[in-house]
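Going line by line, the protein sequences match chains A and B.
For the first sequence, the working numbering gives the first residue as 110, with consecutive numbering after it.
For the second sequence, the working numbering gives the first residue as 110, with consecutive numbering after it.
The block underneath contains the structure these notes are about, expressed in structure tokens.
There are 2 protein chains.
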Amino acid sequence: MTVADEATDAGQPRRRSPSMADVAREAGVSGQTVSRVSTGRPNVDEDTRNRVLAAMRKLGYRPNSAARALRSGHFRNLGVIMFTLSSFGNMRTLDSIAVAAAAAGYSITLIPVQHPTQGEVTVAFSRLSEQAVDGVMIIIEAHALDEADIELPPGLPVVVVDSSARYQYPVVDTDQAEGARLATEHLLDLGHDTVWHISGPVHSYSAERRRESWAETLTTHGRPVPDVIVGDWSSEAGYRAGLELAARPEVTAIFAANDQMALGVLRALHERGRAVPADVSVVGFDDMDESKSFWPPLTTVHQSFEEVGRHTVSQLIEEIEGAPPSSVSVLVPTELVVRASSGPAPRHPTADA
Amino acid sequence: MTVADEATDAGQPRRRSPSMADVAREAGVSGQTVSRVSTGRPNVDEDTRNRVLAAMRKLGYRPNSAARALRSGHFRNLGVIMFTLSSFGNMRTLDSIAVAAAAAGYSITLIPVQHPTQGEVTVAFSRLSEQAVDGVMIIIEAHALDEADIELPPGLPVVVVDSSARYQYPVVDTDQAEGARLATEHLLDLGHDTVWHISGPVHSYSAERRRESWAETLTTHGRPVPDVIVGDWSSEAGYRAGLELAARPEVTAIFAANDQMALGVLRALHERGRAVPADVSVVGFDDMDESKSFWPPLTTVHQSFEEVGRHTVSQLIEEIEGAPPSSVSVLVPTELVVRASSGPAPRHPTADA
DNA sequence: TCGGGCTATGTTCACGTAAACATCAGTCTG
DNA sequence: CAGACTGATGTTTACGTGAACATAGCCCGA
């Protein structure tokens, strides 16, 4: 009844999927003409093209991508090496990468690395060697890998996302420093004497840059730089840090290096009965969807993962399709989103009245 | 200085990456022997194997996956068609799929579909046709697609995740009904007269099953079934629903269909001054990492995305590697995680004293 | 009217791999 | 000690495609 049935009524059950030759026979043309139609090349008569298309539909022809790749030397496929897919930012970035790649006619192959140890990374890269990719994006935050000899197959275009600029490859990243400065200055503008910081893990380059920029901003404004509390991006770590800070009455402003830790801080402050923002102001970083529904809604630094993904893909494809390997790095701007978790500094701590 | 340099000192700059033939020449064996070493086949002398391996290293040989796929007919690559990558559950599932696939020696190709409209889906599937995949996983929640003629290339193994069982393919899913029952009964056990429900969007099959199971549980226990408030999984929707419910004093127990909506509910209850859990108990679904840091920490239904991903991959690979296409569906159990957002029903609403 | 150039189409071939088959030297068994 | 078997290796070939080249019909201007 279906078209497929008609195709198989020839007798012998055809197991293999139809090839160009089958279509050519069906349409009464040469294989080359089928190829031309299939790849959308010009110089094919309108009639012939239609006849070929009809034959393709009838036989259910679909081009064999392996043969095509073997012949043409490229796969229209991009690899993504990523650590901890389960992080909010990485996922959003991956999403926009996938969409941008699809729009450009490329597909995405995921190469997960569970632990950013040298061994695992090497394995991932060697697996990559057998992968059918035209280029690779590396989403990596551990700068422990800087010193490691990340040895990618020579000639394979690479773009690094959100990481150290110390690589030999082009880098696309959010402007971490700007974001941290915006957050810190926002709190200073509200009259707080200084700002406490809960940072991401030590091995994270993003965390490092947010921390440095926070400290620098305080120094620029002539404020004391409190000791950093080091977290690991998780809300649990934020909670622990929050408990610590809640116990100290001089703390009136906290800048958490991401929203999840900010969430933990909020919980700790609630538990200890310190009002937000009346007693303590909290600012996060990321602007994840949920932040606006935190209690109270979180003031945070919005970063556009979409734009990072878009830039990454376009940069990579540009390089793949012949542009000279530009070492230009893209820095995506951030934006402060003020909500209810930050407010004027309380009167008392100034304590000079 | 490096090995690569030695390989190119022959004179002519070799642009193409080395093939089996190059390795064979270097090692003084036939191409077939190189192939045997490369694919780990037996019947190769230890000496010969080492010689070939050395030649491979020296030349920097890496097998051409396109040629390999063309010859062998399979790609060791699985496609994942997914809608809204940006959803918490989908991402976690994808993560575990990627890890499980990597462990089995398969890679993952992402085929994103931005909007689950028929048109977009058709496009995704036709793009898939040109994709080099041995099988496909579909992570889909819109059962609007049930009626649509999802026409996948015939003979391509498929496993559907987290969706309607009305498909002709094997399905792996969380036991949504059990989870909703656990949540509802937990609240009833705490003495609440009934449980209000904020569901996911109407087109979502998961949402539908949670809603049905919630209603059924209430009925089984002889409780009235309140009107459902329909959300869209977002914390914003939860907030709006929460405002609505906070205004009604008879509401003492709320079961939100996911944690994000539960977060919005908590915010609304805080804003309206209804204490959690003293006045109102809230239970979510998903057990995302942040739930434990909500204020108060959220009682929720834990679902194991990891296990869903693992089962999906193993089921698919089984089918690819020759097992008869089993229509067996896997149902992954859930678990109630009791935290601080649920507690005994307040005295007054019983109002019969 | 003729040839140059253009368009539509066909023919040949190579891409790199692995399956199928062929060969050859040992090794074991009766 | 012959014949059968085993293990190591080589030879041939086809997988499906698209580039390069070849051919043939046609239009146009001199």
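In this text, a Cβ means the ideal position worked out from N, Cα and C, and glycines have one as well.
Per-residue burial, residue i [other beta carbons within 10 Å of its own, 16 or more giving buried]
i	result
B:Val181	Note that residue 181 of chain B corresponds to Ser in the displayed sequence, not to Val. Exposed, by the Cβ-count rule.
B:Asn159	exposed
A:Gln141	exposed
B:Glu428	buried
B:Ala130	exposed
B:Ser139	exposed
A:Gln285	buried
A:Asp243	buried
A:Thr421	buried
A:Pro405	buried
A:Val437	exposed
A:Gly198	buried
B:Arg185	buried
B:His330	exposed
B:Pro386	buried
A:Ala432	exposed
B:Asp154	exposed
A:Gly309	buried
B:Pro151	exposed
B:Asp368	buried
B:Glu250	buried
B:Asp156	exposed
B:Thr326	buried
B:Gln277	exposed
A:Asp298	exposed
B:Gly340	buried
B:Ser451	buried
B:Glu317	buried
A:Pro453	exposed
B:Thr218	buried
A:Thr328	exposed
Residue from the options whose Cα sits closest to the Cα of residue i
i	options	result
B:Ser423	B:Val208, B:Glu399, B:Gly382	B:Val208
A:Asp396	A:Arg448, A:Asp282, A:Leu375, A:Glu427	A:Arg448
B:Glu359	B:Val304, B:Pro221, B:Leu299, B:Pro172	B:Val304
B:Gly149	B:Gly452, B:Pro172, B:Gly137, B:Pro127	B:Pro172
A:Arg53	A:Ser147, A:Val146, A:Val161	Outside the displayed range of chain A (110 to 462) lies residue 53 of chain A, so it cannot be described from this structure.
A:Asp302	A:Ala365, A:Ala355, A:Tyr348, A:Arg456	A:Arg456
B:Arg357	B:Asp336, B:Thr328, B:Leu291	B:Asp336
B:Arg177	B:Ser147, B:Ile363, B:Ala163	B:Ser147
A:Leu179	B:Leu297, B:Ser126, B:Tyr314	B:Ser126
A:Val446	A:Tyr314, A:Ala212, A:Ala454, A:Gln412	A:Gln412
B:Tyr348	B:Glu321, B:Ile217, B:Arg381	B:Arg381
A:Pro442	A:Ala233, A:Ala211, A:Glu287	A:Glu287
A:Thr361	A:Leu296, A:Glu317, A:Ala210, A:Arg376	A:Leu296
A:Met370	A:Phe394, A:Leu168, A:Ala233, A:Arg383	A:Phe394
B:Glu444	B:Thr408, B:Ile248, B:Arg383	B:Thr408
A:Ala211	B:Ala233, B:Tyr215, B:Ile307, B:Pro279	B:Ala233
Nearest-angstrom Cβ-Cβ length linking residue i and residue j, presumed shorter than 8 Å
i	j	result
A:Ala289	A:Arg319	4 Å
A:Ser343	B:Asp398	7 Å
A:Met165	A:Val189	At roughly 32 Å, the Cβ-Cβ gap does not stay under 8 Å, so A:Met165 and A:Val189 are not in contact.
A:Thr202	A:Val270	6 Å
B:Ala324	B:Val334	5 Å
B:Pro221	B:Met246	Contact flag wrong, Cβ pair sits at about 13 Å.
A:Ala350	A:Val374	7 Å
A:Ala355	A:Leu378	5 Å
A:Leu425	A:Leu265	11 Å between Cβ atoms; not a contact.
B:Ala292	B:Val417	In fact, because the Cβ distance is near 19 Å, the residues do not count as touching under 8 Å.
### Query
Just by C-beta distance, which residues in the stretch 369-387 of chain B are closer than 7 Å to chain A?
The residues in question are Gln369, Leu372, Gly373, Leu375, Arg376, His379.
Quiz item: Along the stretch 138-161 of chain A, what residues have a CB closer than 9 Å to any CB found in chain B?
Solution: Of all residues in the stretch 138-161 of chain A, none has a Cβ within less than 9 Å of some Cβ in chain B.
query: Looking at chain A, which residues of the stretch 321-349 of chain B have a Cβ within less than 8 Å of any of its Cβ atoms?
result: Within the stretch 321-349 of chain B, the residues whose Cβ lies closer than 8 Å to some Cβ of chain A are Ser343, Ser344, Glu345, Gly347, Tyr348, listed in chain order.
At 3 residues or longer, and completely inside the stretch 335-388 of chain A: list those beta strand (DSSP E) runs for me, N to C. Correct list: 362-365.
Next item on the list: With 8 Å as the C-beta to C-beta threshold (strictly closer), list the residues of the stretch 193-218 of chain B near chain A in chain order.
Entry: Correct list: Leu194, Ser195, Met200, Arg201, Leu203, Asp204, Ala207, Val208, Ala211, Ser216, Ile217, Thr218.
Completely contained alpha helix (DSSP H) runs for the stretch 282-321 of chain B, where each covers 4 or more residues:
As summarised for the stretch 282-321 of chain B, the continuous alpha helix (DSSP H) elements at least 4 residues long and confined to that stretch are 285-298, given in chain order.
Notebook entry, point to check: Can you give, in chain order, each stretch of the alpha helix (DSSP H) that sits fully within the stretch 132-197 of chain B and has at least 4 residues?
Noted result: The DSSP assignment places complete alpha helix (DSSP H) segments of no fewer than 4 residues inside the stretch 132-197 of chain B at 140-147, 155-168, 174-181, in order along the chain.
message: Could you tell me which whole alpha helix (DSSP H) segments of length 4 or greater appear in the stretch 400-445 of chain A?
response: DSSP assignment within the stretch 400-445 of chain A yields the following whole alpha helix (DSSP H) runs of 4 residues or more, N-terminal first: 414-429.
* To do: Could you name the residues of the stretch 405-438 of chain A whose beta carbon sits closer than 9 Å to any beta carbon of chain B, in the order they occur along the chain?
  => Cβ contacts with chain B come from Pro405, Pro406.
Report task. Using a Cβ-Cβ cut-off of less than 9 Å, list which residues of the stretch 288-299 of chain B approach chain A; keep chain order. Result -> Of all residues in the stretch 288-299 of chain B, none has a C-beta nearer than 9 Å to a C-beta of chain A.
Inset, instruction - Anything in the stretch 441-455 of chain B with a Cβ closer than 8 Å to a Cβ of chain A? List those residues in chain order, please. - result: Considering only beta carbons, no part of the stretch 441-455 of chain B lies closer than 8 Å to chain A.
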